[in-house]
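Q:
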Amino acid sequence: MERARNPILAVDIIIELEIHPLFQRGAGGNSGIVLIERKNPPHGWAIPGGFVDYGETLEQAAQREVLEETSLKVRLKRQLHSYSDPQRDPRQHTISTVFVAEAEGIPEARDDAKGIGIFTEDNLPKPLAFDHKKILEDYFRWKKEGFKIFEI
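Residue 7 is where the sequence shown starts when you use my numbering, and the numbers rise one by one after that.
In structure tokens form, the structure reads like this:
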């Protein structure tokens with residue numbers, strides 16, 4: 007009998023952050039979003055996030071992953087959307103729930119992040135890993151238009 011295969015659950019967290027005067031890397035303006043440069047494949051820039059551990063809620067996983075990768079404690083504001091394209095992660099089929107959060111402080115690259123920056127829609131780094139270009143396009147459009155962009 008063939009064993010059932012299920013997608014892996016993940017979270018990604020778009021962190022809205024006021025730009026501290028001592029941390030201007032990549033930023034333009036007074037606020038932006040935090041992105042990490044990945045240390046491990048697939049390489050590129052990414053929204054902080056990772057896999058949900060057994061026994062953990064999506065919200066707990068989101069706060070843990072952000073702390074591990076950026077040293078920031080966040081306040082989750084809302085779930086933005088879930089992304090389930092089987093090709094979104096080249097390593098395996100993952101389903102990611104994306105949160106929007108806010109934080110204060112100076113982010114530091116930790117865990118599997120080799121770099122970190124604060125960016126705006128106008129100066130996003132390249133390349134973006136996974137389907138994060140699509141997620142960020144949806145996020146910036148949502149900021150302008152609201153939830154009608156996610157209607158099915």
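Ideal Cβ placement from N, Cα and C applies to all residues, glycine included.
Since residue 113 contacts residue 76 with CB under 8 angstroms, what's their CB separation in whole angstroms?
A: Taking a contact as a CB-CB distance under 8 angstroms, the pair residue 113 and residue 76 counts as one, their CB atoms being some 4 angstroms apart.
Q: If you compare alpha carbons, which of 107, 156 and 94 is closest to residue 134?
A: Among 107, 156 and 94, the Cα nearest to that of residue 134 is on 94.
Q: Can you grab the Cα-Cα spacing for the pair residue 109 / residue 149, in whole Å?
A: Looking at the two C-alpha atoms, the distance is approximately 17 angstroms.
Q: Give every residue of the same chain whose Cβ lies closer than 6 angstroms to the Cβ of residue 102, excluding the five residues on either side of it in the sequence, and list them in chain order.
A: 16, 18 and 89
Q: Would you list, in sequence order, the uninterrupted beta strand (DSSP E) runs of no fewer than 3 residues that lie entirely inside the region 22-104?
A: As far as the region 22-104 is concerned, its whole beta strand (DSSP E) runs of at least 3 residues are 37-44, 55-57 and 80-89.
Q: Just how far apart, CA to CA, sit residue 9 and residue 25?
A: Cα-Cα distance, rounded: 49 angstroms.
Q: Taking the beta carbon of residue 157 as the centre, do at least 16 other beta carbons fall within 10 Å, making it buried, or is it exposed?
A: exposed
Q: From residue 100 to residue 12, what does the alpha carbon distance come to, in whole angstroms?
A: It is roughly 9 angstroms from the alpha-carbon of residue 100 to the alpha-carbon of residue 12.
Q: Assuming residue 20 contacts residue 53 (C-beta within less than 8 angstroms), just tell me the rounded distance between them.
A: 6 angstroms
Q: Could you tell me how far apart the beta carbons of residue 64 and residue 40 are, in whole angstroms, since I believe they sit closer than 8 angstroms?
A: Contact doesn't hold; Cβ gap of about 19 angstroms is too wide.
Q: Could you check what DSSP says for residue 151 in three-state terms: helix, strand or coil?
A: helix
Q: Please state the DSSP three-state secondary structure of residue 134.
A: strand
Q: As a quick exercise: from 136, 129, 81 and 117, pick the residue whose alpha carbon is nearest that of residue 111.
A: 81
Q: Buried or exposed for residue 98, going by 16 or more other Cβ atoms inside 10 Å?
A: exposed
Q: Could you compute how far the alpha carbon of residue 84 sits from the alpha carbon of residue 105?
A: 6 angstroms
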